[in-house]
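Enquirer:
Residue numbers (my numbering): 1002 to 1128.
1) Can you tell me whether DSSP reads residue 1130 as helix, strand or coil?
2) According to DSSP, which residues form a beta bridge with residue 1003?
3) Using the beta-carbon count (16 or more within 10 Å), is residue 1112 buried or exposed?
4) Are the beta-carbon atoms belonging to residue 1080 and residue 1105 less than 9 angstroms from one another?
5) Name the two residues that bound the continuous beta strand (DSSP E) containing residue 1101.
6) Using alpha carbons as the reference points, say which of 1060, 1087, 1090 lies closest to residue 1012.
7) Going by CA-CA distance only, name the one from 1049, 1090, 1095, 1028 that's closest to residue 1008.
8) On the three-state DSSP scale, how would you describe residue 1022?
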């Protein structure tokens, strides 16, 4: 068995709000789904570089649990320049941690408007 890069599904309280957030802060663009075509508004497929996320309407309005508070996961996004992204995330209402050095470059954790946690990485050596 061999796995290939897939996509990340996000379950959010408001599809339109989250779509706007990811487009405005991290440069995602809407793309059609290869199987279903254009969105009907109950979901959106977005892409930035080679990262694809699909945003779905959650069944419950409760935000995601606090990072590391129970079993779950987080995901990383690699970016060329953290500075502008951090400013945009903060301006859009994301909770943004402190930018820290790590062995490969710089990293910052943030949670989006629904409490979904990400690590944003600026790598010294590129990808």
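Cβ atoms here follow ideal geometry from the backbone N, Cα and C, with glycine treated the same way.
Since the structure is predicted, the reported quantities are computational estimates derived from the model, not experimental observations.
Expert: So, to answer that:
1) What is shown of the chain runs 1002 to 1128, which leaves residue 1130 out entirely.
2) Counting from 1 along the chain shown, the entry for residue 1003 is found at position 2. Answer is none; residue 1003 lacks a bridge partner.
3) The residue labelled residue 1112 in the question sits at position 111 within the chain shown. With 16 or more Cβ atoms within 10 Å of its Cβ, residue 1112 is classed as buried.
4) Numbered from 1 along the chain shown, position 79 holds the residue referred to as residue 1080. Numbered from 1 along the chain shown, position 104 holds the residue referred to as residue 1105. For residue 1080 and residue 1105, no; Cβs fall outside 9 angstroms.
5) Along the chain shown, one-based indexing puts residue 1101 at 100. Start and end: 1101-1103.
6) Position 11 of the chain shown, counting from 1, holds the residue named residue 1012. Selected option, being the one with the closest Cα: 1060.
7) The count along the chain shown starts at 1 and reaches residue 1008 at position 7. For residue 1008, the nearest C-alpha among the options comes from 1049.
8) On the chain shown, position 21 is the one that residue 1022 refers to. It is helical.
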